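If you read the sequence shown in my numbering, its first letter stands for residue 502, the second for the next number, and so on. All C-beta atoms in this analysis are idealised placements derived from N, C-alpha and C, irrespective of residue type, glycine included. These numbers come from a predicted model, not from an experiment. Comments concern the structure below.
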Amino acid sequence: MRFHVPIIASVASVVAVSDSFVLPPPTGLFSVGSQAHVLPKITFDDPVAPNGTGTSILLNIFYPTKQKASPSKYIWSGLSGLYDTYYGLPNGSFRNVTARTAYKAEPLSWKEWKGLNLPTLIFSPPFAGPPSQVFHALISDLVSYGYSVVTMDHPYEQPYLQLPDGTGIPGLPFDYDVNTEEGFQLLQRVHEYRLTDADAVLEAMPALSKHLSIPLNLTHFSFFGHSLGGSAALSQILYERNHTSKRKHRILGALNMDGSLWGPAAANDSSADLRIPSLILSSAYDKGNPQFADFDAQQSTWAKEINVGGKSNHTDFSDLIVLKQGLGISGGEGAVSAERMIKITRTLVESFQGYLLGKGEGILSGTNEIRAAWPELDLLYNKTGSESI
502 MRFHVPIIAS
512 VASVVAVSDS
522 FVLPPPTGLF
532 SVGSQAHVLP
542 KITFDDPVAP
552 NGTGTSILLN
562 IFYPTKQKAS
572 PSKYIWSGLS
582 GLYDTYYGLP
592 NGSFRNVTAR
602 TAYKAEPLSW
612 KEWKGLNLPT
622 LIFSPPFAGP
632 PSQVFHALIS
642 DLVSYGYSVV
652 TMDHPYEQPY
662 LQLPDGTGIP
672 GLPFDYDVNT
682 EEGFQLLQRV
692 HEYRLTDADA
702 VLEAMPALSK
712 HLSIPLNLTH
722 FSFFGHSLGG
732 SAALSQILYE
742 RNHTSKRKHR
752 ILGALNMDGS
762 LWGPAAANDS
772 SADLRIPSLI
782 LSSAYDKGNP
792 QFADFDAQQS
802 TWAKEINVGG
812 KSNHTDFSDL
822 IVLKQGLGIS
832 GGEGAVSAER
842 MIKITRTLVE
852 SFQGYLLGKG
862 EGILSGTNEI
872 RAAWPELDLL
882 YNKTGSESI
């Protein structure tokens with residue numbers, strides 16, 4: 502997790518209604534359903550659990566539905582309060598954003614869902630916030646095109662989580678100092694349990710689908726994440742390859758949004774070759790990260806690295822950009838507007854998922870036409886097969 506957000510007065514570039522902010526609506530055909538679930542999972546020597554042993558993972562399953570929903574506030578008040586304090590804002594400021602989510606909605610019929618023929622997407626959030634809940638603009642848009650998305654949050658790591666029964670779980674502060682030996686060691690250990698968390702989710706997927714009565718693809722998956730979660734998405738491929746399992750599944754690809762690399766993906770040798778398509782997206786804050794170039798060089802198949810220019814910040818891939826620009830915390834001359842950044846992130850992620858399904862590269866192609874339409878994007882690495890440019 503990184504915060505590099507000097508307070509700059511700016512003109513809000515998001516829709517404000519009655520002192521609240523509205524996320525850009527999903528652009529696909531379907532409405533968005535959601536259910537939360539606590540998955541039992543023992544994490545021995547858990548570095549963030551109060552007694553040293555983790556017992557669960559908080560999952561949120563987002564899925565396509567035909568059930569409509571009215572706009573409602575979706576950020577937990579306990580989480581909003583932490584952001585309000587962090588930025589010195591009036592109580593409730595960070596909760597004043599709404600989205601349309603149909604909680605516990607009826608999913609699509611089995612026949613209609615099966616006809617979509619889409620993989621299950623698994624999302625891993627940053628270290629110490631923001632939690633998965635604050636990536637709603639991206640996740641809801643994916644769902645509107647028929648994807649089911651399972652998000653994973655580890656209790657006591659995220660600054661605040663709220664369980665389905667309303668229990669609030671505090672965790673690490675947003676500004677936890679990772680630039681110390683202790684912080685470095687903690688990040689390593691957190692990255693390690695992120696891999697075992699995701700493996701447990703894969704193992705539990707059939708039971709999860711049955712228990713919640715939500716159709717999920719149990720054989721084909723794609724991983725994506727932000728910050729430490731993005732690194733974990735890449736490393737998960739290598740972890741699963743070297744992990745004995747009775748499951749028969751296929752991971753189609755992995756996408757890292759602005760995450761410095763840890764674990765298996767950070768090995769600057771052939772062991773870091775995913776052998777499946779990968780995409781790295783970076784903000785202006787992380788442009789030129791040498792780890793990304795090292796990782797790219799080890800890939801034997803389709804791999805790309807795209808930088809979002811302007812004054813893009815590490816957290817701009819999340820919903821925080823809507824609130825920070827709307828409240829005047831970030832933005833200003835040269836910044837990518839919240840609406841534009843959300844459109845960029847959605848289009849990049851959805852184009853990657855489409856490419857995995859044989860639908861072509863779309864915006865990822867980096868053609869002259871694409872560059873003209875998306876001037877914020879800089880294609881830093883472009884391997885489309887056996888050769889790269």
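- Secondary structure note for Lys-612: its alpha helix (DSSP H) is the uninterrupted segment 611-617.
- Shortest Cα-Cα distance from Ile-576 to any of Leu-609, Phe-636, Lys-605, Trp-611 involves Phe-636.
- Excluding five sequence positions before and after Tyr-588, the CB atoms of its chain that fall closer than 7 Å to its own CB belong to Ile-830, given in chain order.
- DSSP, reduced to helix, strand and coil, places Asn-718 outside both helices and strands of the structure shown, so it counts as coil.
- DSSP places Arg-748 in the coil class of the three-state scheme, outside both helix and strand.
- Cβ-Cβ distances below 7 Å link Leu-821 to Pro-631, Val-635 in the same chain, with the five nearest sequence neighbours on each side left out; the list follows chain order.
- Residue pairing from DSSP places Asn-883 in a beta bridge opposite Lys-805.
- Within the same chain, and ignoring the five residues on either side of Val-549 in sequence, the residues whose Cβ sits closer than 6 Å to its Cβ are Tyr-657, Glu-658.
- In the structure shown, Tyr-661 falls within a strand segment according to DSSP collapsed to helix, strand and coil.
- In the structure shown, the three-state DSSP call for Ile-558 is strand.
- In terms of Cα proximity to Gly-555, the closest of Arg-695, Gly-867, Thr-848 is Arg-695.
- Residue burial annotation: Glu-682 is exposed, with fewer than 16 other C-beta atoms found within 10 angstroms of its C-beta.
- Residue environment analysis places Gln-536 among the buried positions, since at least 16 neighbouring C-beta atoms fall within 10 angstroms of its C-beta.
- With contacts defined by Cβ atoms closer than 8 Å, Pro-626 and Asp-654 form a contacting pair.
- The beta-carbon distance between Val-850 and Leu-617, rounded to whole angstroms, is 17 Å. This is too long to meet the 8 Å contact definition.
- Going by beta carbons, Leu-580 and Tyr-677 fall outside the 8 Å limit.
- Short of 8 Å from the beta carbon of Gly-684, and not among the five residues preceding or following it, lie these beta carbons of its own chain, in chain order: Tyr-677, Asp-678.
- Cβ neighbours of Pro-541 within its own chain (closer than 8 Å, five residues either side excluded): Thr-556, Ser-557.
- Taking 8 Å as the upper bound for CB-CB distance, Ser-813 and Ala-839 are not in contact here, some 11 Å apart.
- Beta-carbon to beta-carbon, His-721 and His-750 are separated by about 7 Å, close enough to satisfy the 8 Å threshold.
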